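Sequence order for the protein chains is A and B. Residue 48 in full-length UniProt numbering sits at position 48 of the first sequence; the count goes up by one each step and never skips. Residue 443 in full-length UniProt numbering sits at position 443 of the second sequence; the count goes up by one each step and never skips. A virtual CB, placed ideally from N, CA and C, is assigned to each residue, including glycine. Every value quoted in this text rests on a predicted model; they were computed, and no experiment measured them.
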Amino acid sequence: MAPTTSPFVCLRCLRSSQTSNPSKTIRTVASAPTTIRRRSASTTTSPSESSEQLPRWMQTPPRMKMPERTRPEPKQPVWRVNAQQEPVDEMYDRFMGRWLALTHKSFDHGRRGFNDRLAFLGKRIVDVQTSLALLNMPSAPSMQPAAAQNDVFQHAALEGLGNVTNFSKNAILEKTRLAKVATAYGINRVMRWKPRKSDNLKSSGEDVVLAHTMYSIIGALALHRGGEVAAKTVRERILKPLGLR
Amino acid sequence: MGKPATAATRQLQGRDDHVQHQWRGQKRCIASRREASSAAAQEVDEPVVEEDAVGPAYQPFEDQTRRPLNAPSHRQALKSAKLAALHARLQLPAKLPLQTLARCLIDPSVDPRPGYNNEPLSILGQELLGYYTAEWLMTRYPRLPMPILFAAQYAFVGNQTLAAMRTEWGVETVAAPGPEVDPGLLQLKRQTPGNALADGEQMRIKHMPQAKRIGSGRRNEEYNYRRGMSSRIVYDDQFGDLQTSLATSTSDSTPPYPSAPISRPDDSTSFRLPDASSEQSPPPSDWYLPRSTQYQDPTATTVEAASATFVRALAGALYLHAGTPASKHFHEQHVVSRHLPLHTLFNFAHPTRDLSRLCAREGFEPPVARLISETGRLSRTPVFVVGVFSGEDKLGEGAGASLNEGRVRAAAAALRGWYLYSPPDGKAMRPSEVEGTGHGKKWKPQMIDIGEIIT
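Written out as structure tokens, the structure is:
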């Protein structure tokens, strides 16, 4: 049998120590939840019940786990993520999106879900709002002489188009700048991910994961509260700190 | 002014940095057309053909602004029958003026100066179309895996589709841009095809060393550097592809200074990232080729790219002139109306393993394959219909020529059924439907799926 102090076991000891698993809650396909909404009355799950009824963001699905670890732990400090749940978050327990928006694919090998799709939608919203904000920014006074100006068709709707360039967009939405804004909000303390080196987060790509999480929060807002709320959040919480009004 | 043909050839041969290479046939046609129309054209200091070849930063500012138009001016837009017919054919709102439509048809490769081309309109339009398509896909198919989502996005608003749309609309391209050409044609400067032979060389242009600018913010863009699906969302464009817009954008990119970060296979003095493995790799085989000439004009573009830019610019222009309802109507009529068979985009490597992990994640009973029916087991062409069951529920069914094939096909069908789930019609709602005021709609929270199975 494997000694309890060892962090992992070899496969032979694992096989010899395997006992029959206790019966877990088996759901049928037909009863799988197909919409995740604010269901307060119908479901009976709550964190205080048995471990089989724990919400999905809190535990790895039991049948996806190996009973014992068979590989050595990496030689780095143990990486911990936030698992606390404040009382005010209890009403959002059944809203998967709250936790899902903060979960990167690297966390738990993606077994608890991840926020890729939400980040995809969020980035699209941020892109649109950035361009619209650039349109409203004051543009540099044209240095072309009046003769050349006549060749350009002037219209009120086309004002500010000179600000919309790939360079300016990429300069505004650079991952290091977004990461700084996200750190200011404290997202790095609550996002769930697994860095390659827990003692060197920079080289593990923390900036990318921070930017990714920011986008996914916007995407989750869009799907949960609608496009207007998401757009407003982008303008006020992301673009304003980045300098666009 | 004088002799354009010989002056052009002499200056082209003696050039150090950029060389203008058009198709041979086209060059001859241009020279002759230029001579034909040059009598009516205004005074030029040098032939128009090579003006775009040298970057704008190398020329003094006065020359650049005094440069004559390389495309029809907006005043001619009102006189063009083609343009008016296009406006009517696409049923564009009257708020969109013909002059803006004419501007949408001018590619940055024709005139990189701000205000003269469709680039900013195209950027805005691309983002709008991308947003509408992304929300349409995500609310209709909430469980689509990320690679499929990228592929579907490209299938709806990618370059190839928009180029096909341009031909469907009946917009033709010019043979060469110029101020005398009809404003209703798509103006672009075509780059030399990659299969053409380079001047004075035995190799094709596509095999020649190219200078690529590192512009996407990734640490390494070489083909053998692994980049996963998640990082594409932050670094790359909406289709998951490396951003080429930074490298080829003409209106804001200046030619590189001598120590600019350029990835050039035969230049050892250019700046390299410190952790690149270039020191260990052997010098490339084209080390000894002459570096003085470049065979591709970086400002020129392909017909497909220019067509896509035009369609996107039109979407952007619609938004600016006629507002959100017009751009959404455009998206609905031209993009979403296209049918895309999503089930053909899937390609599973190990569907049985994926399905088993899916059932473990969701808490279903482990999947079991059972033979439903068979025929011709001992013949040359047997057919086995296999179903994959989780408890009493059949997840998927597939037919194959062997038991194993049937089992694998059934697992793939089950996974497709899971990933292509679509909520009922009344429940799916797009986030942009409640944007702004005056829509009178109440938002219904949409389904958020936790993600695909990764193994």
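Where residue 199(A) falls, given that 16 or more other Cβ within 10 Å makes a residue buried:
With fewer than 16 other Cβ atoms within 10 Å, it is exposed.
For residue 311(B), which residues of its own chain have a beta-carbon under 7 angstroms away from its beta-carbon, when the five flanking residues on both sides are left out?
162, 165, 166
Contact check, residue 178(A) vs residue 130(A) under 8 angstroms by CB: the rounded distance?
Contact doesn't hold; Cβ gap of about 11 angstroms is too wide.
Chain-ordered chain A contacts of residue 234(B) [CB-CB under 8 angstroms]:
119, 123, 175, 208, 211, 212, 215
Return the chain-ordered list of same chain residues with a C-beta closer than 7 angstroms to the C-beta of residue 80(B), the five sequence neighbours on each side being excluded.
182, 183, 184
With H, G and I counted as helix, E and B as strand and the rest as coil, what does DSSP make of residue 60(B)?
Model confidence at residue 60(B) stands at a pLDDT of 47, short of 50, so the residue's coordinates are unreliable; what they give is reported in the following sentence. It is coil, neither helix nor strand.
Of all the options 216(A), 107(A), 245(A), which has the alpha carbon lying nearest to the alpha carbon of residue 83(A)?
107(A)
I want to see whether chain A comes within less than 8 angstroms of residue 149(B), judged by CB atoms only; does it?
At least one chain A Cβ lies under 8 angstroms of residue 149(B).
Which chain A residues are close to residue 434(B), counting only those with a beta carbon under 7 angstroms from its beta carbon?
226, 227, 228
Inter-residue spacing [alpha-carbon to alpha-carbon] between residue 102(A) and residue 71(A):
27 angstroms
Scan the region 58 to 73 of chain A for residues whose Cβ lies nearer than 7 angstroms to a Cβ of chain B and list them as they occur along the chain.
61, 63, 64
Thinking C-alpha only, which one of 186(A), 196(A), 100(A), 62(A) is nearest residue 254(A)?
Absent from the structure is residue 254(A), since the part of chain A shown begins at 1 and ends at 245.
Looking only at its own chain, which residues have a Cβ that is under 7 angstroms from the Cβ of residue 327(B), when we skip the five neighbours before and after it?
128, 315, 318, 319
Measuring straight from C-alpha to C-alpha, what distance separates residue 235(A) and residue 245(A)?
7 angstroms
Relative to the C-alpha of residue 196(B), which residue among 189(B), 451(B), 205(B) is closest?
205(B)
Exposed or buried, what is residue 175(A) when buried is set at 16 or more other beta-carbons lying within 10 Å of its beta-carbon?
Its Cβ being crowded by 16 or more others within 10 Å, residue 175(A) is buried.
Close Cβ partners of residue 218(B) (< 6 angstroms) along its chain, the five nearest in sequence each way excluded
Only 235 meet the Cβ criterion.
Looking at the C-beta of residue 411(B), does it have a partner C-beta in chain A at a distance below 8 angstroms?
no
Of the choices 111(B), 363(B), 404(B), whose alpha-carbon is the least far from that of residue 391(B)?
363(B)
Is any beta-carbon of chain A found at less than 8 angstroms from that of residue 332(B)?
Taking Cβ atoms only, chain A never reaches closer than 8 angstroms to residue 332(B), which makes this a no.
Closest Cβ-Cβ distance between residue 121(B) and chain A: below 8 angstroms?
yes
Quick one: is residue 10(A) buried, meaning 16 or more other Cβ sit within 10 Å of its Cβ, or exposed?
The residue in question, residue 10(A), is exposed, as its Cβ has fewer than 16 Cβ neighbours within 10 Å.
Rounded to whole angstroms, how far is the Cβ of residue 115(A) from the Cβ of residue 216(A), which I believe are closer than 8 angstroms?
4 angstroms
Kindly indicate which three-state DSSP category residue 373(B) falls into: helix, strand or coil?
It is a strand residue.
Sorted by chain position, which residues of the same chain lie with C-beta nearer than 7 angstroms to residue 406(B)'s C-beta, five sequence neighbours on each side aside?
Cβ neighbours of residue 406(B) beyond the five flanking positions: 384, 385, 386, 398, 399, 400.
C-beta contact flag for residue 239(B) and residue 150(B) at 8 angstroms
yes
Can you list, in chain order, the residues of the region 230 to 243 of chain A whose Cβ is nearer than 8 angstroms to any Cβ on chain B?
230, 231
Evaluate the contact criterion for the region 96 to 112 of chain B versus the region 67 to 78 of chain B: three or more CB pairs, one atom per stretch, below 8 angstroms.
yes
Please report the distance separating the alpha-carbon of residue 223(A) from that of residue 377(B).
51 angstroms
Min CB distance residue 225(B) to chain A below 8 angstroms:
no
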